[in-house]
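Its first residue numbered 72, the sequence shown is counted upward by one per residue in my numbering. Virtual Cβ for every residue (Gly too), placed ideally from N, Cα, C.
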Amino acid sequence: MDITWIGILILLCIFIYSTWKTIYGRCNLPPGPTPMPLIGTLLHIKRGELVTSLFKLWDRYGSVYTLYFGSRPVVVLCGYEAVKEALVHQGEEFGARGPLPALEKFTQGYGLSLSNGERWKILRTFTEKTLKSFGFGLKSNEWKIQKEAQCVVDEFRKFNGHPLDPSKKLMDAVSNVLCSVIFGDRFEYKDERFSKLFRIVDESFHLATSTWGQLQSILPTLMNYIPGPHHRIIQLSEEMAEFIHERVKASLETLDPSSPRHFIDSFLIKIEEEKNNPKTEFNLRNLLVTTHNLLLAGAETVSTTLRYGLLILLKYSEVQGKLQDEIDQVIGQDRVPNFDDRIEMHYTQAVIHEMQRFCDVSPLNVPHMVTKNVDFKGYQIPKGTEIYPLLCTVHRDPKHFSSPWKFNPNHFLDENGKFKKNDALMAFSAGKRICPGQNLARMELFIFLTTILQNFKLSSHIEFTENDIAPRMTGFLNAPIYYELSFLPRKI
Ligand code: HEM
Numbered sequence: 072m073d074i075t076w077i078g079i080l081i082l083l084c085i086f087i088y089s090t091w092k093t094i095y096g097r098c099n100l101p102p103g104p105t106p107m108p109l110i111g112t113l114l115h116i117k118r119g120e121l122v123t124s125l126f127k128l129w130d131r132y133g134s135v136y137t138l139y140f141g142s143r144p145v146v147v148l149c150g151y152e153a154v155k156e157a158l159v160h161q162g163e164e165f166g167a168r169g170p171l172p173a174l175e176k177f178t179q180g181y182g183l184s185l186s187n188g189e190r191w192k193i194l195r196t197f198t199e200k201t202l203k204s205f206g207f208g209l210k211s212n213e214w215k216i217q218k219e220a221q222c223v224v225d226e227f228r229k230f231n232g233h234p235l236d237p238s239k240k241l242m243d244a245v246s247n248v249l250c251s252v253i254f255g256d257r258f259e260y261k262d263e264r265f266s267k268l269f270r271i272v273d274e275s276f277h278l279a280t281s282t283w284g285q286l287q288s289i290l291p292t293l294m295n296y297i298p299g300p301h302h303r304i305i306q307l308s309e310e311m312a313e314f315i316h317e318r319v320k321a322s323l324e325t326l327d328p329s330s331p332r333h334f335i336d337s338f339l340i341k342i343e344e345e346k347n348n349p350k351t352e353f354n355l356r357n358l359l360v361t362t363h364n365l366l367l368a369g370a371e372t373v374s375t376t377l378r379y380g381l382l383i384l385l386k387y388s389e390v391q392g393k394l395q396d397e398i399d400q401v402i403g404q405d406r407v408p409n410f411d412d413r414i415e416m417h418y419t420q421a422v423i424h425e426m427q428r429f430c431d432v433s434p435l436n437v438p439h440m441v442t443k444n445v446d447f448k449g450y451q452i453p454k455g456t457e458i459y460p461l462l463c464t465v466h467r468d469p470k471h472f473s474s475p476w477k478f479n480p481n482h483f484l485d486e487n488g489k490f491k492k493n494d495a496l497m498a499f500s501a502g503k504r505i506c507p508g509q510n511l512a513r514m515e516l517f518i519f520l521t522t523i524l525q526n527f528k529l530s531s532h533i534e535f536t537e538n539d540i541a542p543r544m545t546g547f548l549n550a551p552i553y554y555e556l557s558f559l560p561r562k563i
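So this is what it looks like as structure tokens:
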């Protein structure tokens, strides 16, 4: 045998041995399918069906199991008990963010959503405090949502009962609520820059959820070298950052440090205050990436939940009817809905909670990582291991929901028909990384849905089946099927 071939053979043996050692060196990790060199447990994941595949492994290996994405171990947590134990009871250890390869090249560790340690703490505290001061998710901000809900109702009315795909109008409305807090003003729905910004958000989610995006999460190094649409996500994010940068420049020109008008102003003031601190986290890159994170995380999630919710109401017209009865009783037709109305609207509350559970908009959650070596349910998980606390398994946990695969508002109603909480609804996740936009999102879901149903009967000439409304459970986002509906003005 020629000397080159012997060399190649030796190198190959060393490579296979070292991969094997990495994998089996961690023998105290939870059980899971046997990994292969290079590809790990990829063969256990059906092409394009990451979520469904992880779901099936729950049946086979129990509530805590290990997968290998290449040679990286990933610990998957399933069901309410395991996810709560990790994110809430051992929240400090499980609270770090794991890698999200689709966005990492863009964020490079900057910004709120994908950072860790001190940077994350500083940005999270600042973001929560500042958004709150502009009424984010508070009663004082309610009028902005009410106004946007009226605008979207006016848009739907223009169709005179003709069928339409509601996606864009809902996305426009939800995005405008965000824009008013972040940039200080809303946009006209036909504004081309605004439409482009949120087309970017839409396309980014679409790509991250696609088979390409899933493969990128599993084998990021390999996918770096393989051409495909997944490379476009970074370009989209840069385009978004450019748009944000324009707005930052415009804010700077009119900034009054004694009177911040919105999130961008407040961040700019902080940059100025800390300009002599070499370790400051208040810099332009953190401002651009954090704003990008807020727009990305806050628009698609809420608008998809609403779009999904309307589809469910087309399928279950009796649920739609009961909601409208409650709206007529508590709110009537002479005033707009407000968030406090929910206290008297038990059925509506139950339906919205059930929508969030059933649609499972973020079935995988966002990856976490352990900050130190952790003992968990008798296993040892080494520092830095990626954790997938699967929200879809919490929402389909038969110990906490009597009919996990069915849309059933009774999951959130007691025997007297009163709304009852269920801790196993974790649409916003739990623990240290819990969604900071949850209050705003709850307010938006309630006000948009009740305003639409106060004004319209939803109708479609198609009879949707249970299969049509079932969540697809493929990748990062559960979006509903494409559908059109008619908004028929209600006559009371
Ligand atoms: C129905 C609507 C929403 C759902 C279902 C949702 C869900 C989630 C989930 C599951 C996470 C990951 C939590 C974790 O890592 O454990 C998250 C994080 C996040 N969400 Fe939301 N979210 C929604 C709306 C919003 C809104 C309106 C905003 C605000 C603009 C927002 C901003 C964020 C941010 C910035 C993070 C990252 C937090 C961090 O890493 O510290 N989300 N969200």
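{"Check": "Unbroken stretches of the alpha helix (DSSP H), 4 residues or longer, contained in the stretch 345-395", "Outcome": "355-386"}
{"Check": "Cβ-based burial, Arg264 [other Cβ within 10 Å; buried from 16]", "Outcome": "exposed"}
{"Check": "Where Phe490 falls, given that 16 or more other Cβ within 10 Å makes a residue buried", "Outcome": "buried"}
{"Check": "Paired residues, beta bridge with Glu274 - DSSP", "Outcome": "Glu274 is not bridged to any residue."}
{"Check": "Reduced DSSP secondary structure (H/G/I, E/B, other) of Tyr181", "Outcome": "coil"}
{"Check": "Same chain, Cβ closer than 6 Å to Gly111, five either side skipped, listed in chain order", "Outcome": "Tyr139, Phe140, Gly141"}
{"Check": "DSSP three-state assignment for Glu515, whether helix, strand or coil", "Outcome": "helix"}
{"Check": "Nearest residue (CA-CA) to Tyr379, options Gly103, Val319, Glu213, Ile423", "Outcome": "Ile423"}
{"Check": "Cut-off 7 Å between Cβ atoms - residues of its own chain near Ile79, not counting five sequence neighbours on either side", "Outcome": "none"}
{"Check": "For Val465, the first and last residue of its enclosing alpha helix (DSSP H)", "Outcome": "462-466"}
{"Check": "Ile505 beta carbon near the ligand HEM (any heavy atom closer than 8 Å)", "Outcome": "yes"}
{"Check": "is_contact[Arg264, chain C] using C-beta, thresh 9 Å", "Outcome": "The structure shown has no chain C; it contains just one protein chain."}
{"Check": "The stretch 424-444 / the stretch 378-394 touching (three or more Cβ pairs under 8 Å)", "Outcome": "yes"}
{"Check": "CB of Ala550 within 9 Å of CB of Leu484, strictly", "Outcome": "no"}
{"Check": "Test item: CB-CB of Val465 and Ala370 under 9 Å", "Outcome": "no"}
{"Check": "Close-in-space but distant-in-sequence residues of the same chain around Met242 (CB under 6 Å, 5 per side omitted)", "Outcome": "Phe269, Ser374"}
{"Check": "Cut-off 8 Å between Cβ atoms - residues of its own chain near Pro102, not counting five sequence neighbours on either side", "Outcome": "Tyr132, Gly133, Tyr136, Thr137"}
{"Check": "Per-residue burial, Gln567 [other beta carbons within 10 Å of its own, 16 or more giving buried]", "Outcome": "Any answer about residue 567 is impossible in this case: the structure gives the chain only from 72 up to 563."}
{"Check": "Nearest-angstrom Cβ-Cβ length linking Ser332 and Gly255, presumed shorter than 8 Å", "Outcome": "Reading off the sequence, residue 332 comes out as Arg, not Ser. Confirmed, Cβ separation roughly 5 Å."}
{"Check": "Cut-off 7 Å between Cβ atoms - residues of its own chain near Thr361, not counting five sequence neighbours on either side", "Outcome": "Gly182, Leu183, Leu194, Thr198"}
{"Check": "Residue burial classification, Pro560 (beta-carbon count within 10 angstroms, cutoff 16)", "Outcome": "exposed"}
{"Check": "Ala498 beta carbon near the ligand HEM (any heavy atom closer than 8 Å)", "Outcome": "yes"}
{"Check": "Nearest-angstrom Cα separation, counted from Phe472 out to Pro237", "Outcome": "30 Å"}
{"Check": "Arg143, enclosing beta strand (DSSP E) - first and last residue", "Outcome": "143-148"}
{"Check": "Integer Cβ distance of Ile452 from Val437, believed to fall under 8 Å", "Outcome": "Actually they are not in contact, since the Cβ atoms of Ile452 and Val437 sit about 18 Å apart, beyond 8 Å."}
{"Check": "Ser184: CB within 8 Å of a non-hydrogen atom of the ligand PLP", "Outcome": "The model depicted lacks the ligand PLP and carries the ligand HEM instead."}
{"Check": "Proximity of Arg504 and Leu249 at Cβ, strictly below 9 Å", "Outcome": "no"}
{"Check": "Cutoff 7 Å; reference Phe517; Cβ partners in own chain excluding five residues on either side", "Outcome": "Phe410, Arg413, Ile423"}
{"Check": "Three-state secondary structure (DSSP) of Pro172", "Outcome": "helix"}
{"Check": "Length of the line joining the Cα atoms of Val252 and Leu100", "Outcome": "44 Å"}
{"Check": "Distance, Thr522 Cα to Tyr387 Cα", "Outcome": "19 Å"}
{"Check": "Residue environment, Pro469, which counts as buried when at least 16 other CB atoms sit within 10 Å", "Outcome": "exposed"}
{"Check": "Top-ranked residue by Cα proximity to Thr282, from Gln525, Glu486, Ile116", "Outcome": "Ile116"}
{"Check": "Range covered by the alpha helix (DSSP H) that runs through Val252", "Outcome": "238-253"}
{"Check": "Cβ neighbour criterion (16 or more within 10 Å) applied to Ala173", "Outcome": "buried"}
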